[in-house]
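Chains as they are written, first to last, in the working numbering: chain A, 153 to 720; chain B, 10 to 214.
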Amino acid sequence: MPINLKPTDVVIVGMGAAGGVAALPLAQAGVKVIGLEAGTWLTTRDFAPDELRNNYRAWPHSVQKANREVPTHRPNASAPYSPRPAFHPMMNGVGGTTLHYWAQSWRLSPWDFKVVSETTRRYGASRIPAGSTVEDWPFGIEEIERYYDIVEHELGVSGKAGNIDGKIDRRGNIFEAARRREYPMPPLRWTDWHEKMAAAARKLGWNPFPGPAAINSRSYDSRPGCAYHGFCARGGCHVNAKGSTAVTTIPKAQKTGNLDIVTEAHVTQVNIDGNGRVTGVTYLKGTEEYFQPASVVLLGMYTYENVRTLLLSKSKAFPNGLANNRGQVGRHYMTHATGGGVQALFTENLNNWYGLPAQGVAVDEFAADNFDHSSVDFIGGGNLFVYSDRRPIGAASMNTFGKAPQWGSAWKAFVKQNADRWHGAYMQKTTLPYEDNYLDLDPTVKDPLGFPVCRITADFKDNERKAATYAADKMEQWYRAAGATDIVRNPLGTMGPSTHAYGGTRMGDNPASNVVNRWGITHEVPNLGILGASVMGTSGSHNPTLTVQALAWRTAEYLVKNWAVVSR
Amino acid sequence: MIHSTVSRRELLKRLGMAGAVTLGLPGFDRVLAFQRDLVRAGAAPAGVLAAPEAATLAALCSRIIPSDENGPGAAEAQASVYIDRSLGGWLAPSRDAYAAGLAEVDAAARARGGKRFVDLAPAEQDAVLAAIEDTPFFGMLRTHTIQGTFCDPVYGGNAGFVGWDLVGYPGVRLNVTVADQRMGAPVKPVRRSAYDYAMFAAGAH
Chain A
153 MPINLKPTDV VIVGMGAAGG VAALPLAQAG VKVIGLEAGT WLTTRDFAPD ELRNNYRAWP
213 HSVQKANREV PTHRPNASAP YSPRPAFHPM MNGVGGTTLH YWAQSWRLSP WDFKVVSETT
273 RRYGASRIPA GSTVEDWPFG IEEIERYYDI VEHELGVSGK AGNIDGKIDR RGNIFEAARR
333 REYPMPPLRW TDWHEKMAAA ARKLGWNPFP GPAAINSRSY DSRPGCAYHG FCARGGCHVN
393 AKGSTAVTTI PKAQKTGNLD IVTEAHVTQV NIDGNGRVTG VTYLKGTEEY FQPASVVLLG
453 MYTYENVRTL LLSKSKAFPN GLANNRGQVG RHYMTHATGG GVQALFTENL NNWYGLPAQG
513 VAVDEFAADN FDHSSVDFIG GGNLFVYSDR RPIGAASMNT FGKAPQWGSA WKAFVKQNAD
573 RWHGAYMQKT TLPYEDNYLD LDPTVKDPLG FPVCRITADF KDNERKAATY AADKMEQWYR
633 AAGATDIVRN PLGTMGPSTH AYGGTRMGDN PASNVVNRWG ITHEVPNLGI LGASVMGTSG
693 SHNPTLTVQA LAWRTAEYLV KNWAVVSR
Chain B
10 MIHSTVSRRE LLKRLGMAGA VTLGLPGFDR VLAFQRDLVR AGAAPAGVLA APEAATLAAL
70 CSRIIPSDEN GPGAAEAQAS VYIDRSLGGW LAPSRDAYAA GLAEVDAAAR ARGGKRFVDL
130 APAEQDAVLA AIEDTPFFGM LRTHTIQGTF CDPVYGGNAG FVGWDLVGYP GVRLNVTVAD
190 QRMGAPVKPV RRSAYDYAMF AAGAH
C-alpha cells in the first residue's frame, strides 16, 4: 500500500496560475491546504537573461513532468497525426506558467459570457455556427467582476480603466464591462514605437490603449517595478516585478501557516470511495508512492492534465473516468486562434530591443461583439496588440518579406539593415467549441509510467477562419497607417498543443453538457473541484489567465462559505 | 474504501522502468546535456566533431553568414565552435544528422570540383549550398549558425559580440531606462554575457 499521509482539508493539484491563487483565500480562512506541485521552486539563477536557453532550449531546465506528457494532435478523427512537439507548451514549477508567461491580464468581454443569447438577440439564432456546442456561461461578467477586482489587486495588475461604473475613459478600453475601480497600478510605459502605433490607430478612428499586465509598473506590494530588460517572454523575472503566483498569492498563503507545498509530486490518480466521493489523491515522489487524504480535492493543472487525470481515474462508480458518467470530460475543447499573424516592415529602426511583450498598444474595436456583425458572415473577432519584444537570435531569424535570400551576403545585408525594423502583431481571435473538437486519451502514446497521454482532436472551423482573416485585414490596415512598407501574413495553422487551451471540464448549470457547476465543483462528485481554463466555455479574444484566476478565487471562496456542506 | 485502479507494485514497477525510459527521452537527455553545457561554459571548448568535419562545418557557416563589407560573420563569431560544442550537449540528438550532412556536402563538393568543400572557391561553395538549401540539413544548419552567431557568448558563439553588433543589439542590461527605449537615439552597447552579472553567475545559487 502507498504511504498514507495525515488527512488535510483540501489538496490542490498544481501550484500554478490557478491553484496558486485558490490556495490563498482557503488558507486565509483557516482551511488546511496541501499544494502538490510536479515541478520545483526556481531561483534567481533560473531567471538569467539568456535568449538561447529561454526561447530555444525549453527553459526551465528543472523537473518538467509536462514534457513527458506532451499531447498528441490530429485535426479530425480520420486525419493523420500532426508532428508531436518535443516539449509541452506549459511548464512545471511553483508558480507554474505564470513564471514565464507574458502576464497580459485581461478581463473577458461581456459578450464572451453570453454568446448564444446575445448573438440570437442581435442577429438571430441562425448565426450560431453549425456544429458548435457553445452555451451561455451560467452567469454574466457582472458575477465575476468582484473576483477580477480581487485578483488584480492581489497579483498587482498595471493598466488603465476604460469604464469605471459606466463612466467611459478613452485612455482605457472603452469596450470593457464596468469595473468598480481603477487598476491598482498605472499601465506599463509607452515608448516612441508605441506612440507611433497609437497615433496610427487614432488616425483610423480607433481607440488605442495600453494592455493590462500582471507586472508592476511601479513598486507594489513590496516588489519593485519592471526593469524592461527584454527577457520576459518565456523567462522568469529577476526582480520579481512579474506577479507570478510564486511571488504573490503563494507566499501570502504560506505565511498563514495553512499551506504546505510538496514539490516534485507527480499525481497519478484521484481516489474515490464507494459513495462516489473523492478521498484524496495518489502521487509519486522520488521512488515512493503516497496517498494524501483530503476532504476536498481541487484539480488545478493545465487543461490537458486536468482532463487526462480525470480520464485516468477510473473506478466502479466512474468506469469512463472521474466525473465523466455523462461523457462530457474532454468535450468543448478550444484553443485561441493566435496563428494567422501579421508581420510588418518599416523604414526606420523601432528600437524594440528592450521592453516586454505586455508593454504595448491594444485595439479592441474588432474583438468579441464590439462591432456590428450584421454585414459579416461570422461571429466574434479579435483583439489586436503590438508590443516591444526583440532579442538578437529572434531578430536575425526574421522574415525577409520576399526581399532577400535566406543566406549569404545579400541576406546578411538585409538583416543588418532590418533586424530592428520589423514587428509581428499578437492577435487573439474568438474560438467556439464544436461537437467534433475534443480531448481524450491517446490509444497508443504513453508517458514513461505507461499511462496514455492526452490526445487532441480539433481544428479551426469556418467561423474561426473568417474571424482570423477579418482581424488580419484590420491589423494590416493599422500597420500601413503607421508607415509599414511591406506586410507578410502567416497561415492560421491548426489546433495542436497551445498555451491557451480551453474546455474539457466546462462550467454550466446543465449536468448533461457540463462537467462542473457554476461554482467549479463537479456535478457528479460533490467534493471535487476543477480550476483552470478547462472550465471556460468560450475562449474570448483576450488572454485567459486573469479569468482563470478570478474563477479560482471564486471557487475557493465558495468552498470556504459552504465548507460544512462540501466537505461533510 | 479506497479504490485504486493500479496496484502499488505495478506503479513502482513502472516507476523503476520510468527511470530507464525517461533517460531515453530526448527532452530529458537534453536537460542533462544542458547542465553539462553550463559546467563546460568558460572551460576549454570541447567539441565532438572530427577535425575534417569541423573544418567543413566552419566553411559552411562562413558562407551562410559571410565575412564581407558588412563586417564580421559566422567565422569571427565562431558559430561552428558553438555548434560543435553543443553537439556534445543540448544538440547531441543532431550529431548523426551532422555527420551525414557534412559527409554529403563534401561528396557534393568532390563531384563538383574534385575537392573537399573547404578547398573550393567561395563561389563554388555557394553553388554547393544552393543545391541543398531546401534540405532539412540545411535548415538545421542555418538555424544553428544563426544561434551560434547571435547567442550569449557563454555558449562559445557570438565571439567578441560580433553578432550583436551586426544587428545592432545594444546588449544585456538588467535595468532599462526610458532613454534606452527611445527611437532614433542609439544606445551604447553593453558587452557582457548574462552570466557576467553576479546574480546569474555559475554557483550564485
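Cβ atoms here follow ideal geometry from the backbone N, Cα and C, with glycine treated the same way.
Residue burial classification, residue i (beta-carbon count within 10 angstroms, cutoff 16)
i	result
isoleucine 402/A	buried
alanine 120/B	exposed
glutamine 558/A	exposed
methionine 721/A	Within the shown structure, residues of chain A are numbered from 153 to 720, placing residue 721/A beyond reach of any answer.
valine 187/B	exposed
lysine 355/A	exposed
isoleucine 155/A	exposed
lysine 124/B	exposed
isoleucine 186/A	buried
asparagine 669/A	buried
arginine 298/A	exposed
glycine 33/B	Residue confidence is low: glycine 33/B scores 38 on pLDDT, short of 50, so the model does not pin down where it sits. No coordinate-derived value is stated.
alanine 365/A	buried
arginine 322/A	exposed
Three-way DSSP call (helix, strand, coil) for residue i in this model
i	result
asparagine 570/A	helix
asparagine 207/A	helix
valine 114/B	helix
valine 268/A	helix
proline 235/A	coil
alanine 514/A	strand
lysine 468/A	coil
leucine 601/A	coil
tyrosine 710/A	helix
valine 459/A	helix
glutamine 180/A	helix
proline 362/A	strand
glycine 149/A	Nothing about residue 149/A can be reported from this structure: the residues present for chain A run from 153 to 720 only.
isoleucine 141/B	helix
isoleucine 92/B	helix
Residue span of the alpha helix (DSSP H) that contains residue i, given as start and end
i	result
leucine 175/B	171–176
phenylalanine 537/A	Taken as a continuous stretch (DSSP letters only), phenylalanine 537/A belongs to no alpha helix (DSSP H), being part of the beta strand (DSSP E) at 534–539.
aspartate 594/A	Looking at the DSSP string, aspartate 594/A is not in any alpha helix (DSSP H); the run it does join, the beta strand (DSSP E), is 590–598.
aspartate 661/A	From DSSP, aspartate 661/A is part of no alpha helix (DSSP H); its letter is neither H nor E.
glycine 148/B	145–159
methionine 192/B	Methionine 192/B -> no alpha helix (DSSP H), and no H or E assigned at all.
threonine 401/A	401–407
glutamine 629/A	614–633
Delimiting residues of the beta strand (DSSP E) encompassing residue i
i	result
glutamate 440/A	440–451
histidine 346/A	Not the beta strand (DSSP E): histidine 346/A falls in the alpha helix (DSSP H), residues 344–355.
proline 604/A	604–609
isoleucine 682/A	680–682
valine 718/A	Unbroken run through valine 718/A is the alpha helix (DSSP H), 715–719; no beta strand (DSSP E).
methionine 579/A	578–581
threonine 65/B	Looking at the DSSP string, threonine 65/B is not in any beta strand (DSSP E); the run it does join, the alpha helix (DSSP H), is 60–73.
aspartate 412/A	411–414
leucine 436/A	430–437
leucine 497/A	494–497
isoleucine 164/A	160–165
aspartate 638/A	638–641
Any non-hydrogen atom of the ligand SAH closer than 6 Å to residue i Cβ
i	result
serine 447/A	In terms of ligand content, the structure shown is empty, and the ligand SAH therefore cannot be addressed.
ask   = Should the stretch 168–175 of chain A be called in touch with the stretch 235–251 of chain A, which here means at least 3 C-beta pairs below 8 Å?
value = yes
ask   = Are three or more beta carbon pairs between the stretch 332–340 of chain A and the stretch 353–371 of chain A nearer than 8 Å?
value = yes
request  = Pair every Cβ in the stretch 349–362 of chain A with every Cβ in the stretch 499–507 of chain A, then say whether three or more of these pairs are closer than 8 Å.
outcome  = no
query = Is it true that the stretch 278–297 of chain A meets the stretch 532–545 of chain A, where meeting means three or more beta-carbon pairs spaced less than 8 Å apart?
reply = no
ask   = Touch check for the stretch 144–161 of chain B and the stretch 70–82 of chain B: three-plus C-beta pairs under 8 Å?
value = In this structure the stretch 144–161 of chain B touches the stretch 70–82 of chain B; the number of beta carbon pairs closer than 8 Å is three or more.
ask   = How about the stretch 417–436 of chain A and the stretch 226–242 of chain A: do they share at least three Cβ pairs that are nearer than 8 Å?
value = no
query = In the stretch 262–322 of chain A, which residue ranges form an unbroken alpha helix (DSSP H) of at least 4 residues, counting only runs that do not cross its ends?
reply = 262–265, 267–275 and 293–307
message = Under 8 Å: do the stretch 578–595 of chain A and the stretch 605–623 of chain A share three or more Cβ pairs, one atom per stretch?
response = yes
message = Three or more C-beta pairs under 8 Å: does that hold for the stretch 256–263 of chain A against the stretch 484–502 of chain A?
response = no
query = Are the stretch 626–641 of chain A and the stretch 452–470 of chain A touching by the rule of at least three beta carbon pairs closer than 8 Å?
reply = no
ask   = Between the stretch 192–202 of chain B and the stretch 164–183 of chain B, do at least 3 Cβ pairs fall closer than 8 Å?
value = yes
ask   = With a cut-off of 8 Å, do at least 3 Cβ pairs link the stretch 591–602 of chain A to the stretch 313–328 of chain A?
value = no
request  = Take every Cβ of the stretch 544–561 of chain A, pair it with every Cβ of the stretch 197–206 of chain A, and state whether three or more of those distances are shorter than 8 Å.
outcome  = yes
ask   = If we count Cβ pairs, one from each stretch, closer than 8 Å, do we get three or more for the stretch 289–306 of chain A versus the stretch 678–685 of chain A?
value = no
inquiry  = Tell me whether the stretch 188–196 of chain A and the stretch 407–424 of chain A touch, counting them as touching only if at least three CB pairs, one residue from each stretch, are closer than 8 Å.
reply    = yes
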